[in-house]
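Following full-length UniProt numbering, the numbering of the sequence shown begins with 1 at its first residue and continues without gaps. Step one of this worksheet: look at the structure below.
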Amino acid sequence: MRLARCLSILPLLIGAVSLAYAMVVLVLVFNASTPPSEQHERNLRGILTPGSIRSLDSIYAGGGAISSTSPSNETTLPTMTTEQHWIETSATTGQSAETDNSCGWRCNVHGFYYIWYRSKERDGDWAHWNHRRLPHWDPQIAKKYSQDEHVPENDDIGSSFWPQLGPYSSLDPQVISTHMEMMKRAGIGVVAVSWYPPGLHDPALDGRNETVDLIGSLLLDAAWDHGMRIAIHLEPYEGRDPVSVRKDFEYIHQHYGSHPALHRVASTHGGALLPLVYIYDSYHNSPEEWARLLSPAGDISVRGKDGLDCTAIFLWVEATHAAYAKSGFDGFYTYFAATGFVYGSTPSNWPHMNRVAQEEGIYFIPSVGPGYIDVEVRPWNYANTRDRRGGGYFDDMFTEAAKLQPKMVSITSFNEWHEGTNIEPAVDGKSSVASLKWPSREYLSYGTDPEFYLTKTRQWAERMFKPSHDVMIS
């Protein structure tokens, strides 16, 4: 197309100057319109995202006091043009960086993703599909419920839904590839991966810390191949504090930073494109502690330091967590899919939270989910079940998020099967094998279409972010 346009004006050029001069001009025009090389593209682009079994128990049991004072964050939210909102841009040239590997407008849609599942057939033992039923903290209530593990061999898993892929292994390259393709069909561009640093791990994996190696060896490459990006969802590991998180940021840069699939978002501290890190349970440390790391004046500040600085997002749970918006974070998210469970997961509070974000010049990334049910791992927690209502619940959360016209939205979740927030395809009405010890179980259904929630996510993602659609506000 570009060459044809150049040739069409060639007679005019010949009429004005010599043929030789015209050919030189033609070559120059053609070269000027040639896109950057693939290697240049890989150096300019990136993605990063996070997740884990959401420990609602820590909230049920209560948290520590939250300080209401912290150093002021005087930065303003980076200005984004319409094109920048939808399309990743070069950090140095500002030009559109669309390629076959681009996630384009989908980069505004983030899905929380868990890689803790293991299968006995592939990995030698189960993990998470056989999750035990957790005891209530009140012994009198706890004794009323089983604390047994689930038995996947009997089609009994720690979820109220049955995955279309069956109880898979997160280490299976084919599963990873399939998941990337599913998320892409759903309009998701950024995979926020549950992450533990080296030497630490999800408790259910019995000391096996494969998360770090899996991201480095499989996830980043698979994401790039499917036009996806990876962000980090930093788990609340034992001993985590701003000092240890500084080391985590450094590790992320050193081991993933050169990969084009590491997702980068403009920091509110100067606008540099930096790895995106969601920090789950950030309220375990006070705003003052986080300001040491994230405020430019902090004594261990990462701001403006190559190989350390990240775009850091805190979890807003309670109303008092507004204080964290002044501690140097680049933004906040809400994670929980159970509306009304906490302040942050109550959509009627989102307009106020959005005003806080605007006043502080930081991002608000609302989290939306299709429903909630965790009674296969917390059998005493029926009170927090949120019925999917055939997709109506999902629509309601998306509607409230869309009204805010956020720059990004997060989906809780792609595959947190324990808490029933999954949009990953599920088998319709799967029933377990009955035995003398294990009665038959019938799993919940999405309806007749296993990909119902992928399709619905895509519809909303396009309405909110695709250039040809307006934001739906009702």
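For every residue, glycine included, the Cβ atom is placed at its ideal position computed from N, Cα and C.
Just measuring C-alpha positions, the residue of Pro287, His253, Ala312 and Arg118 sitting nearest His321 is Pro287.
Glu442 is bridged by DSSP to Ser431. DSSP places His110 within a strand segment (E or B) once states are collapsed to three. Judged by DSSP in its simplified three-state form, Arg132 adopts strand. Here Glu250 has Gly307 and Leu308 as same chain residues with Cβ atoms under 8 Å from its own Cβ, once five neighbours each way along the sequence are excluded. Segment contact: the region 384-396 against the region 364-376, three or more CB-CB distances shorter than 8 Å; contact assigned. Boundaries of the alpha helix (DSSP H) around Thr455: Phe452 to Phe465. Between His255 and Gly199, the C-beta gap is not smaller than 7 Å, which leaves the two residues out of contact. Here the alpha carbon of Ile176 sits roughly 42 Å from the alpha carbon of Gln140. Under the three-state reduction of DSSP output, Val377 falls in the coil class, being neither helix nor strand. The criterion of a C-beta distance shorter than 7 Å is not satisfied by Trp380 and Gly344. In the three-state reduction of the DSSP assignment, His233 falls in the strand class.
It is roughly 32 Å from the alpha-carbon of Ile232 to the alpha-carbon of Asp148. Bounds of the beta strand (DSSP E) holding Phe314 are Thr311 to Leu315. Ile230 is positioned such that its CB atom lies no closer than 7 Å to that of Tyr278. Taking 7 Å as the cut-off, the Cβ atoms of Pro347 and Glu419 do not count as close. In this structure the region 405-425 lies against the region 453-461, because at least three pairs of beta carbons, one per stretch, are closer than 8 Å.
Within the same chain, Cβ atoms closer than 6 Å to the Cβ of Tyr446 are found at Ala426 and Phe452, the five residues on either side in sequence being excluded. Gly227 is not bridged by DSSP to any residue. Distance from the CA of Arg441 to the CA of Leu274, rounded to the nearest whole angstrom, comes to 46 Å.
When DSSP reads this structure, Glu149 sits in a beta bridge with Arg132. Look at Arg122 here: in three-state DSSP terms it is helix.
As for any alpha helix (DSSP H) of minimum length 4 sitting wholly inside the region 232-300, the runs are 242-256 and 287-294, ordered along the chain. With 16 or more neighbouring CB atoms inside 10 Å of its own CB, Gly189 falls in the buried class. Cα atoms of Cys310 and Phe465: separation of roughly 24 Å, rounded to the nearest angstrom.
The residue from Glu289, Tyr382 and Gly391 with its alpha-carbon nearest to that of Ser327 is Glu289. In the three-state reduction of the DSSP assignment, Gly340 falls in the coil class.
Going by DSSP, Tyr363 is part of the beta strand (DSSP E) stretching over Tyr363 to Ile365. When DSSP reads this structure, Ile411 sits in a beta bridge with Gly111 and Val368. DSSP, reduced to helix, strand and coil, places Arg303 outside both helices and strands of the structure shown, so it counts as coil. Taking a 10 Å sphere around the C-beta of Thr448, we find fewer than 16 other C-beta atoms and assign the residue as exposed. In the structure shown, Ala357 adopts helical secondary structure according to DSSP, grouped into three states. Put simply, the backbone Cα of Met397 is about 21 Å away from that of Pro450.
Spanning the alpha carbons of Phe161 and Lys305 requires a straight line of approximately 45 Å.
Going by C-alpha positions, Met183 is about 19 Å away from Leu276. For Tyr333, the enclosing beta strand (DSSP E) stretches over residues Gly331 to Tyr333.
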